[in-house]
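Here is the structure we will look at, set down as structure tokens.
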Amino acid sequence: MKYILLVSFILHGFLISTAQTVELDQPIKLSAKSMTIEEALKEIKDNLEVEFSFVTNDIDHKKGISTLDYATLEEHLLQILGDDFEFKIKGSKILIRKKSQTQKEAYIVNGYVRDSQTGEELIGASISNSAGNYGAISNVYGFYSLRLSSEEQMIRCSYLGYQNLEVKLNLQSDSVINFNLDPQELVLSEIVVNADRQPSNVESLQMSANTLSAKQIEEIPAFLGEVDVIKSITLLPGVTTVGEGSPGFNVRGGDVDQNLILLDEAPVYSSAHLLGFFSVFNADVIKDVKLYKGGIPSKYGGRVSSVLDVRQKEGDMKAFHGKGGIGIVSSRLTLEAPIVKDKSSFIIAGRRTYADLIYRTVRPSNDNSAVYFYDLNTKINYRFNDKNRLYLSGYFGNDVARLGNDVGFKWGNSTGTLRWNYVLNPSLFLNTSLIYSRYNYQLNVDDSPEKITWESSINNYHFKPELTWFLNAQNTLDMGAQVSLFEFQPGEVTVSGDINASFKVQKEKALELGVYLGNEQKIGDNLTLRYGLRYSRYHFLGSLDVYTYDPTLPRREENIIDSASYNNNETIKSFDGWEPRFSAAYQFNANNSIKASYQRMYQYQQLVSNTTNVTPFDVWKSAGPYIPPLTSQQFAFGYFKSLRDNTFEISAEVYYKTMNDLIDYKNGADLILTENIETELLTGNGRAYGLELFFEKKLGRLNGWLAYTLSRTERQVKGDIPINSINNGEYYPSDYDKTHDVSLVMNYKVTPRWTVNMNFLYATGRPATYPDGRYEFEGAVIPNYSSRNNERLPDYHRIDLSATLKNRTKPGKKWSSSWTFSVYNVYARKNAFSIFFRPDEDSNNAFSTKATQLSILGSVFPAISYNFEF
Amino acid sequence: MKYLLYLLLLTTVLISACETTIDLELTDNVSKLVVVGEITDQSEPHVTISRTAAYSDDQLTPRVSEANVIIEDDLGEIIILTESEKPGFYLAPEGVRGVIGRSYTLSVVLPNGSIYKSFSEELLPVAEIDSLTSEFRTDLGDDDDEQGWFVTLYFTDPPGGDEYYRWKFSINGEQKNRAEDIYSADFDSILDGEPIDLTFFEFALNENDTVVVEQLSLTKEAQKFLLEVEIQTKTTGGPLDPPVAPIIGNIRNQADVNDFALGYFSASSVVSQSIIINN
Chain A
1 MKYILLVSFI LHGFLISTAQ TVELDQPIKL SAKSMTIEEA LKEIKDNLEV EFSFVTNDID
61 HKKGISTLDY ATLEEHLLQI LGDDFEFKIK GSKILIRKKS QTQKEAYIVN GYVRDSQTGE
121 ELIGASISNS AGNYGAISNV YGFYSLRLSS EEQMIRCSYL GYQNLEVKLN LQSDSVINFN
181 LDPQELVLSE IVVNADRQPS NVESLQMSAN TLSAKQIEEI PAFLGEVDVI KSITLLPGVT
241 TVGEGSPGFN VRGGDVDQNL ILLDEAPVYS SAHLLGFFSV FNADVIKDVK LYKGGIPSKY
301 GGRVSSVLDV RQKEGDMKAF HGKGGIGIVS SRLTLEAPIV KDKSSFIIAG RRTYADLIYR
361 TVRPSNDNSA VYFYDLNTKI NYRFNDKNRL YLSGYFGNDV ARLGNDVGFK WGNSTGTLRW
421 NYVLNPSLFL NTSLIYSRYN YQLNVDDSPE KITWESSINN YHFKPELTWF LNAQNTLDMG
481 AQVSLFEFQP GEVTVSGDIN ASFKVQKEKA LELGVYLGNE QKIGDNLTLR YGLRYSRYHF
541 LGSLDVYTYD PTLPRREENI IDSASYNNNE TIKSFDGWEP RFSAAYQFNA NNSIKASYQR
601 MYQYQQLVSN TTNVTPFDVW KSAGPYIPPL TSQQFAFGYF KSLRDNTFEI SAEVYYKTMN
661 DLIDYKNGAD LILTENIETE LLTGNGRAYG LELFFEKKLG RLNGWLAYTL SRTERQVKGD
721 IPINSINNGE YYPSDYDKTH DVSLVMNYKV TPRWTVNMNF LYATGRPATY PDGRYEFEGA
781 VIPNYSSRNN ERLPDYHRID LSATLKNRTK PGKKWSSSWT FSVYNVYARK NAFSIFFRPD
841 EDSNNAFSTK ATQLSILGSV FPAISYNFEF
Chain B
1001 MKYLLYLLLL TTVLISACET TIDLELTDNV SKLVVVGEIT DQSEPHVTIS RTAAYSDDQL
1061 TPRVSEANVI IEDDLGEIII LTESEKPGFY LAPEGVRGVI GRSYTLSVVL PNGSIYKSFS
1121 EELLPVAEID SLTSEFRTDL GDDDDEQGWF VTLYFTDPPG GDEYYRWKFS INGEQKNRAE
1181 DIYSADFDSI LDGEPIDLTF FEFALNENDT VVVEQLSLTK EAQKFLLEVE IQTKTTGGPL
1241 DPPVAPIIGN IRNQADVNDF ALGYFSASSV VSQSIIINN
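From first to last, the protein sequence lines are chains A and B.
Sequential numbering from 1 applies to the first sequence in the working numbering.
Sequential numbering from 1001 applies to the second sequence in the working numbering.
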């Protein structure tokens, strides 16, 4: 601020305390009829023994004026300075302020939004002035910064599930205001019907995004009572899965590997446990899950379809707390406590399945079979002061399967994140992260006397500084960079024993760089824009031997004509891309808005998987000499409406998305331990479009949502030679294309102690390939499938129910607990996962065939779990 | 690998996955040419020409008669096959054999004049079978409770290069020729030159059964084709299955690059051994 106070002391400065006070109606005579403003003010100053206070730039000091001869002080000042100014007397000071300036004078209010009970930062809380026309949203670290006029009397903070909080303002300078919000249940022990106005989708700029709180996720009835973040996500519009027990999720026609899944900013490569029946996130440590399906901000890059941003809790800053549960699949325990109250805290959580532990007590002594998984989440944070904060978080999860004594599998993720939040000044927020992530799997076969070990892994390291600049009330800038190093070990097999051998698919290495700049700009009261640009650059690095294929022939091993060796860290191939991102929102009034967005994104790594579900043993393939990066563009448009003070939210969105250079596979591709995997791959294109309707009731005894998606997802794969094309190179529906997809999620508080929940799902059956003929091969009957995904499976539908009973809490005791009873697939619908065609082996007729429907969870699954908090 | 994953999957889902046989209306068949031929060093070369039929027909598929069928080797020698009493089954004159080291190409001229030709297939040598043994086991077979006699084959893969094998079985004189009986394997880098033992655990045998095991050499392409046949006929529709697709062999329409005949023309050398199951 270019504030310079022109201060002049009266000669007898030491007499200030006894100086006479001036009045605006005090008469005064000036010496000359015309002089400059500076001379006139000097004369008044000297005569009255006062000092002036003003912004020097506001006044043109050398400007000549004509003065009144004899008049009151106020009349003189009006004559000298004009109507634009107003005057105030403060003791012996005369304050001169430009009238408009008074209104424009603004200060930055910043701080953190926290839970009053635990000190946990709240993401996405809405902070605004009383009129609601200036506002901000707390970022993923709970930090906000807002520029407000000094005339604002009040600032308000609101967040779903918390009591609104209003703070009186008397802004004289930039201020730090931390909000500590009270959770609602704490305030109202009886059934809550909250009428407080809540922040809504209508007001935010972001479209195509959904946020689920840990509480919402916990309430959704889950398979075998295992609260599941990923399965909850699939209940949102635009999100599908291949089928029951399928790992991951498909967003707006994107493959499972196109989702950027971040756990405290660290990429998680496999989000599934037990091949997909459960997911890696322990809901007890999760604060907030946000899914971006479109309009993805420029700070995210590397995957083209969605961003699933999962934030772990920081740990209670006030007191020791625990949370846990015992279910039929797993048990879990979370502990959190301050290390130094209000300064530092930790959280640690573990989860483990225990079917194997039970089995161990009853198994034959020579049987070592076991299947289990475990997760460990940890986080420590330290608040140096309001400006500096450090976080260290980690996740370790593994699936282990041993079959008999001979075969063992193991796969899992580990991630580590070190983050430093630094508030440079009230309008500059810097976050710097150092991230490590690893995914690996291992297979051990003890086939005496040989032992076979098979290992594969992907390691990656990231450095990511990000700066947010709350420039002014209209503009918030985001800028940053990301440097990532990836190491892929696609597969290494070692045989030891009588035979000693090893086989190794060459390691691959890559460096990815991204820089971005984005601005969120308010234009007038109704229009908000966010425009940004990300530039990404990717280097596929040595050391590696790369083969050259005869360019005139199909890419096959026999057509290799040359090979080249690259040294360590030598660039073999590089790519780069500009990724513009654009979002706009126009708010007609408090209850209606329209939004539009466009994004272009690059993805430099794809999962190589040719099975119906991805498996833990699939490998990631880096873009390189023969595999171009995947690119995608998406346009989306939406209408948002809220009703009854945002109790209800309705939205309708349409999108159109294209994907270029998707990896696909030649028929009969051999992807396991394949040295020149490019000989098995093809590239294809994809397109997806759809309509998503979402109706949500956020508050009240009955809450929940209804989501409907009408969509189409298609792929096109042209072969290296025409007959290798899929469906003659024409577009065909993807495996997870579901024309109609409906999810109804309801939560009803029956009494203060009883809550019931229900899910209803309906979806068009997914595409399937049926034979259109049969032939004989040496007497064997072979089905002929000439057209991929030419038919559809029967429609999918299912209802799940759950009921939670809160146990009475003993007065004065911290311990509270509840029982949850759940039933998955209430009416035991045998939903088809697939239909397959085989010779009828039971028939005497060698030419007899049959069609068989496979249902993976074709039965009712009741479960009970006990949950506690203290 | 996949088998093990399935075990894991089964353990996971406990007993929930269930299969139901269903009736389906399938789209009409587009009739396509099928050519299956084989030349070996042990028997007369033969070719079967047929067309596809509707999937749900429980009948022999239609045969194609009156085609001109010849096999030509890389030295320019020509074998003419003639249609036998079995319609659509074309056989070389008695005593004609394939020769190890030569490459063979099949040509078929249909009555309507269209010409289909195979790629050239090399007749590769095959490793001798060292021995066959049998053992009574209770822990093998498709079902855990299946028990019986299982045959193990021993041979040594010759060092140097990749070898591709196929095995055919006959039990008490009856050829096992359903889709589930097709076995092939590729012994590449890891087990190259090593002694190998293979237990065929899908055949639970009874005492006194006579089993003949034939070991055939294959080209890489032929093994890939058979593997596809195996995968697609043994599909269980599970989450770990690759997508089903047309199995494209080595026979093409000479006039249209996008038209191929289903089936395969293969060249193999064959060795065999037999065993009578007893204690």
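Positions of the beta carbon are idealized from the N, C-alpha and C atoms, including for glycine.
Just grab the DSSP bridge partners of residue i for me.
i, result
"L236/A", "Answer is none; L236/A lacks a bridge partner."
"N589/A", "N592/A"
"N759/A", "V745/A, D800/A"
"M35/A", "I65/A"
"L169/A", "BP columns for L169/A are empty, so no partner."
"G858/A", "Looking at the DSSP assignment, G858/A forms no beta bridge with any residue, so it has no partner."
"W754/A", "L805/A"
"E1083/B", "Y1090/B"
"H76/A", "In DSSP, H76/A forms no bridge with anything."
"P580/A", "L533/A"
"L1216/B", "R1166/B, V1270/B"
"S818/A", "K806/A, N867/A"
Is it true that the CB of residue j sits closer than 8 Å to the CB of residue i?
i, j, result
"I726/A", "N1258/B", "no"
"N747/A", "A768/A", "no"
"F847/A", "Q1059/B", "yes"
"L1132/B", "V1213/B", "yes"
"K666/A", "E680/A", "yes"
"D115/A", "E74/A", "no"
"G238/A", "Y1055/B", "no"
"F777/A", "V1109/B", "no"
"E121/A", "Y144/A", "no"
"I1182/B", "A780/A", "yes"
"L1026/B", "P771/A", "yes"
"K379/A", "Q442/A", "no"
"P490/A", "V304/A", "no"
"P629/A", "Y535/A", "no"
What does the Cβ neighbour count give for residue i, buried or exposed, with the cut at 16 atoms within 10 Å?
i, result
"S855/A", "buried"
"G861/A", "Rather than Gly, the amino acid found at residue 861/A in this sequence is Phe. Classification of F861/A: buried, given that the 10 Å Cβ count is 16 or more."
"I1275/B", "buried"
"I191/A", "Note that I191/A scores a pLDDT of 40, beneath 50, so its modelled location is shaky and nothing firm can be said."
"G1037/B", "buried"
"W411/A", "buried"
"K813/A", "exposed"
"P1093/B", "exposed"
"V750/A", "exposed"
"R530/A", "buried"
"L857/A", "buried"
Which whole-angstrom value describes the C-beta separation of residue i and residue j, a residue pair presumed to lie in contact below a C-beta threshold of 8 Å?
i, j, result
"V113/A", "S138/A", "4 Å"
"V251/A", "K293/A", "5 Å"
"G765/A", "L793/A", "3 Å"
"L95/A", "S126/A", "That belief does not hold up - the Cβ atoms of L95/A and S126/A are roughly 35 Å apart, past 8 Å."
"S427/A", "L467/A", "Their Cβ separation, rounded to whole angstroms, is 11 Å, which puts S427/A and L467/A out of contact at 8 Å."
Next item on the list: Report the residue ranges of all alpha helix (DSSP H) runs contained in full by the region 330-399 of chain A; include only those spanning at least 4 residues, in chain order.
Entry: 355-362
Check: What runs of the beta strand (DSSP E), each 3 residues or longer, lie entirely inside the region 648-683 of chain A?
Finding: 648-665
Check: In chain order, which continuous runs of the beta strand (DSSP E) of length 3 or greater are located wholly inside the region 1119-1166 of chain B?
Finding: 1129-1137, 1148-1156
Check: What runs of the alpha helix (DSSP H), each 4 residues or longer, lie entirely inside the region 204-237 of chain A?
Finding: 214-219, 229-233
Item checked: Whole beta strand (DSSP E) elements within the region 1221-1260 of chain B, 3-residue minimum -> 1251-1253
Check: For the region 1174-1198 of chain B, which segments carrying the beta strand (DSSP E) assignment without a break, of at least 3 residues, lie completely within its bounds, in sequence order?
Finding: 1183-1187
Checklist line | Those runs of the beta strand (DSSP E) which lie wholly inside the region 494-552 of chain A and span at least 3 residues | finding: 501-504, 508-523, 527-541, 544-549
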